[in-house]
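Q: The numbering of the sequence shown is this note's numbering, which starts it at 132 and goes up by one.
For reference, the structure I am asking about is given below.
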Amino acid sequence: MPNRGFRLVNITEADLEEIIAIRVLLAVPAARSLAEAGSDDIVGRVLNADSVQAVTDGSVTETGEATTKSEAIVRLRELAEATVAATEAGEPAEFYTQDRRFHEALLEHGLGGRAAAISLRLRDQSRLYRRQDQIGAIAVESARELPRIVDLIESGDSAKAADLVTANLYFFKRVPATAAG
């Protein structure tokens with residue numbers, strides 16, 4: 132039947148560049164904000180599960196729990212380690228899940244739930260750029276950057292944290308293009 136359902140539109144190199152550039156505009160200030168916060172400072176707002184559904188239409192209110200930088204670091208470190216474990220175990224689906232959770236937490240704690248929701252929608256679009264079998268060692272390299280990002284944030288090195296977050300977001304650009312796409 133015509134006009135039923137939805138279709139996936141291929142992401143071009145230009146689309147990917149635009150998506151990553153926007154994600155960088157969100158992630159860099161988030162990383163800087165976290166790095167510059169004191170360990171007991173309240174950072175970001177984590178959305179509760181009921182609020183997450185509302186994010187897609189832009190009507191969400193941030194009703195989640197406030198956390199300290201120290202609590203955010205613990206959460207980010209756990210997610211970073213889970214991402215590394217998934218790639219080292221050769222589990223691409225788990226890598227994507229944990230990597231997505233890491234970046235969600237980074238944005239939630241650095242800027243808040245709305246920024247995380249916007250970035251995740253863009254991230255999900257960029258996943259369509261490459262097939263999972265094209266990722267391989269690049270995913271391991273990308274995952275291993277996450278604990279280093281956490282270390283830089285924890286140590287307060289906002290410039291280096293911002294640089295590594297930017298490099299990490301360009302993960303998909305590290306995978307060579309193929310004729311199929």
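Note that the Cβ used here is the ideal one computed from N, Cα and C, for glycine as well.
Name, in chain order, the residues that DSSP records as bridge partners for residue 173.
A: To locate residue 173, count along the sequence shown from 1; it is residue 42. DSSP lists 199 as partners of residue 173.
Q: Can you tell me whether residue 207 is helix, strand or coil according to DSSP?
A: Residue mapping note: residue 207 aligns to position 76 of the sequence shown, counting from 1. The answer is helix: DSSP assigns residue 207 an H, G or I state.
Q: With DSSP as the reference, label residue 168 as helix, strand or coil.
A: Your numbering for residue 168 matches position 37 in the sequence shown. Reduced to three states, the DSSP call for residue 168 is coil.
Q: Apart from the five residues just before and just after residue 247, which ones in its own chain have a Cβ nearer than 6 Å to its Cβ?
A: As a working mapping, residue 247 is identified with position 116 in the sequence shown. Result list for residue 247: 235, 238 and 239, in chain order.
Q: May I have the straight-line CA-CA distance separating residue 288 from residue 166, to the nearest angstrom?
A: To locate residue 288, count along the sequence shown from 1; it is residue 157. To locate residue 166, count along the sequence shown from 1; it is residue 35. Cα to Cα, residue 288 sits roughly 6 Å from residue 166.
Q: Please classify residue 299: is it buried, with 16 or more other beta-carbons within 10 angstroms of its beta-carbon, or exposed?
A: Within the sequence shown, residue 299 is the residue found at index 168, counting from 1. Residue 299 is buried by the Cβ-count criterion.
Q: Check for me: the alpha helix (DSSP H) holding residue 297 runs from which residue to which?
A: For the purposes of this step, residue 297 is identified with residue 166 of the sequence shown, where counting begins at 1. That run of the alpha helix (DSSP H) goes 289 to 300.
Q: Would you call the CB atoms of residue 293 and residue 163 closer than 8 Å?
A: Here the question's residue 293 lines up with position 162 in the sequence shown. Here the question's residue 163 lines up with position 32 in the sequence shown. Against a cut-off of 8 Å, the Cβ pair of residue 163 and residue 293 comes out as a contact.
Q: Does residue 156 pass the burial test, meaning 16 or more other C-beta atoms within 10 Å, or should it be called exposed?
A: Walking along the sequence shown from the start, residue 156 turns up at place 25. Burial call: exposed.
Q: Grouping DSSP H, G and I as helix and E and B as strand, with all else coil, what is residue 140?
A: On the sequence shown, residue 140 is found 9 positions in, with the first residue counted as 1. Residue 140: coil per DSSP, three-state reduction.
Q: Give a yes or no on whether the C-beta atoms belonging to residue 296 and residue 174 are separated by under 8 Å.
A: Within the sequence shown, residue 296 is the residue found at index 165, counting from 1. Within the sequence shown, residue 174 is the residue found at index 43, counting from 1. Taking 8 Å as the Cβ cut-off, residue 296 and residue 174 do not qualify as a contacting pair.
Q: So, with DSSP's three-state summary, where would you put residue 246?
A: In the sequence shown, the residue the question calls residue 246 occupies position 115. Looking at residue 246 - three-state DSSP - the assignment turns out to be helix.
Q: List the endpoints of the continuous alpha helix (DSSP H) containing residue 222.
A: Here residue 222 corresponds to residue number 91 of the sequence shown, with the count starting at 1. From DSSP, residue 222 is part of no alpha helix (DSSP H); its letter is neither H nor E.
Q: Tell me whether residue 140 is buried or exposed, calling it buried when 16 or more other Cβ atoms sit within 10 Å of its Cβ.
A: Reading the sequence shown from its first residue, position 9 is the one you call residue 140. Result: exposed.
Q: For residue 267, which of helix, strand or coil comes out of DSSP?
A: As a first step, residue 267 is located in the sequence shown; it is residue number 136 there, counting from the start. Three-state DSSP puts residue 267 in coil, outside helix and strand.
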